[in-house]
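Below is one structure, written out as structure tokens; comments come after it.
In UniProt numbering, the protein residues as written are 1 to 391.
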């Protein structure tokens with residue numbers, strides 16, 4: 001259903017003949033209203049000569065030009081072509097390449113074209129969030145995912161949700177850099193999956209050939225999320241399975257693992273599975289740290305820290321910090337570089353920490369600090385149990 005009454009009215013994706021969709025893309029690429037376009041990915045059984053192409057209008061001393069930046073996987077190559085026949089020929093050459101995705105932004109709209117396995121085109125259109133540029137004192141926040149994206153028609157586009165989506169996408173963009181031409185993502189404990197879809201929409205919009213799998217234990221969530229993927233026209237790229245975080249079938253292993261607000265030790269299960277997969281990147285926003293909190297309640301605090309955990313609320317907050325510090329330490333011991341950062345301002349959500357991890361080839365640090373900390377407090381992190389060979 002198309003919801004009206006917003007500054008950005010969206011149209012649902014529809015299958016069309018590929019030639020018709022590319023003709024529309026050509027017209028947009030050569031239109032003066034073009035602001036940016038990205039081509040990337042590959043069609044089934046075909047490979048373009050470059051992994052990515054980006055187009056944007058530029059103004060040089062010689063006048064307006066269409067700037068085309070292509071990347072063959074080794075380095076970028078930039079050229080500036082004059083409007084008219086030269087630009088038309090350059091655009092035609094790019095449209096002849098078997099790219100799997102086109103993302104085109106103009107001052108009036110955003111158009112996304114994705115080529116299906118059947119060779120048809122799925123087209124999404126979103127009207128621009130603003131049709132006129134705001135004054136300098138009235139500039140709106142620039143979101144990484146356009147507020148007019150069809151996703152927000154489905155999940156709602158209130159300010160709080162847009163902030164959370166944008167905060168997550170900024171963390172994603174800061175973690176997975178530079179963006180690879182192809183990426184496989186798994187979201188463990190995806191729930192209603194609006195961040196799962198946001199990740200897909202953002203990455204696809206950046207020209208990444210991305211496939212996403214969402215895992216949730218509830219079958220009704222799987223059905224709901226699958227139906228949403230079908231409405232958004234991405235069911236062949238975003239799929240959902242019902243199962244536990246530890247055992248849901250996922251093949252092949254992912255490059256990026258998400259675990260956003262998986263409750264208590266479900267976060268540990270997600271981190272452990274990411275480590276076993278050898279995932280290149282991990283983003284985890286922990287929630288509900290009951291396991292370590294229960295262990296702290298069961299034994300006296302070491303000197304001189306009894307005052308730190310005597311009051312229940314302080315003990316719970318300390319357990320949160322201790323849990324995530326130990327998780328970060330364990331990830332480092334398994335070959336990851338880890339940062340613990342603020343996910344979103346605490347005014348918007350109390351669970352606002354994000355573990356960002358990237359696999360490295362560096363040797364792991366000494367376990368001495370980790371061993372000393374767990375021995376001092378007499379705790380055994382769930383993640384440590386899951387990562388032992390007998391787990």
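Backbone N, C-alpha and C fix where the C-beta goes; we use that ideal spot for every residue, glycine too.
Would you call residue i buried or exposed, if buried means 16 or more other Cβ atoms sit within 10 Å of its Cβ?
i, result
"residue 190", "buried"
"residue 214", "buried"
"residue 103", "buried"
"residue 320", "buried"
"residue 265", "buried"
"residue 146", "buried"
"residue 380", "exposed"
"residue 323", "buried"
"residue 205", "buried"
"residue 164", "buried"
"residue 58", "exposed"
"residue 392", "Summary: the structure shown does not reach residue 392, with the chain confined to residues 1 through 391, and so no result is reported for it."
"residue 346", "No answer about residue 346 holds up, because its pLDDT of 49 lies below 50 and its placement is not dependable."
"residue 19", "exposed"
"residue 167", "buried"
"residue 389", "exposed"
"residue 312", "exposed"
"residue 279", "buried"
Whose C-beta lies closer than 8 Å to the C-beta of residue i among residues of the same chain, with five residues either side of it excluded?
i, result
"residue 224", "192"
"residue 17", "120 and 121"
"residue 116", "15, 122 and 236"
"residue 180", "208 and 255"
"residue 51", "40, 71, 72, 73 and 181"
"residue 342", "352, 353 and 354"
"residue 374", "326, 380, 381 and 384"
Heavy atom of the ligand NAD less than 6 Å from the Cβ of residue i, yes or no?
i, result
"residue 372", "Summarising the ligand content, the structure contains no ligands, and the ligand NAD is consequently not present."
Excluding the 5 residues flanking residue i on each side, which residues of the same chain have their C-beta closer than 7 Å to its C-beta?
i, result
"residue 60", "80"
"residue 335", "359, 360 and 364"
"residue 299", "378"
"residue 222", "216, 240, 241 and 242"
"residue 293", "315, 316 and 319"
"residue 46", "98"
"residue 64", "57 and 83"
Would residue i and residue j qualify as a contact pair, given that the criterion is a beta-carbon distance under 7 Å?
i, j, result
"residue 246", "residue 219", "no"
"residue 200", "residue 208", "no"
"residue 37", "residue 30", "no"
"residue 94", "residue 53", "yes"
"residue 281", "residue 256", "yes"
"residue 277", "residue 253", "yes"
"residue 91", "residue 26", "yes"
"residue 354", "residue 171", "yes"
"residue 327", "residue 360", "no"
"residue 356", "residue 339", "yes"
"residue 66", "residue 40", "no"
"residue 183", "residue 144", "no"
"residue 258", "residue 303", "no"
"residue 238", "residue 248", "no"
"residue 272", "residue 386", "yes"
"residue 309", "residue 296", "yes"
"residue 49", "residue 106", "no"
"residue 291", "residue 382", "yes"
"residue 198", "residue 113", "no"
Under DSSP, the alpha helix (DSSP H) around residue i begins and ends at which residues?
i, result
"residue 394", "No information on residue 394 is available, as it lies outside the stretch 1 to 391 that the chain covers here."
"residue 379", "Unbroken run through residue 379: none, as it is neither H nor E."
"residue 26", "18 to 29"
"residue 76", "First-last for residue 76: 76 to 81, but that is the beta strand (DSSP E), not the alpha helix (DSSP H)."
"residue 151", "150 to 155"
Please list the terminal residues of the continuous beta strand (DSSP E) segment that includes residue i.
i, result
"residue 355", "353 to 359"
"residue 338", "336 to 342"
"residue 54", "52 to 60"
"residue 308", "From DSSP, residue 308 is part of no beta strand (DSSP E) but of the alpha helix (DSSP H) over 306 to 309."
"residue 37", "34 to 40"
"residue 70", "63 to 71"
Report all residues from its chain with a CB closer than 6 Å to the CB of residue i; omit the five preceding and five following residues, and keep chain order.
i, result
"residue 56", "36 and 67"
"residue 137", "Low confidence applies to residue 137: its pLDDT is 36, below 50, so where it sits in the model is not reliable, and the reading given next is rough at best. Here the set comprises nothing."
"residue 78", "69"
"residue 155", "194"
"residue 329", "370"
Is there at least one Cβ from chain C nearer than 7 Å to residue i's Cβ?
i, result
"residue 294", "In the displayed structure, chain C is absent; only one protein chain is listed."
Original post:
Whole beta strand (DSSP E) runs in the stretch 88 to 119 with 3 or more residues, listed along the chain?
Top reply: 101 to 106 and 109 to 115
Subject >> Length-filtered (3 minimum) beta strand (DSSP E) runs lying within the UniProt domain "Methyltransferase" (161 to 295) >> reply: Within the UniProt domain "Methyltransferase" (161 to 295), the complete beta strand (DSSP E) segments at least 3 residues long are 182 to 188, 209 to 216, 238 to 242, 256 to 263 and 281 to 287, listed from N- to C-terminus.
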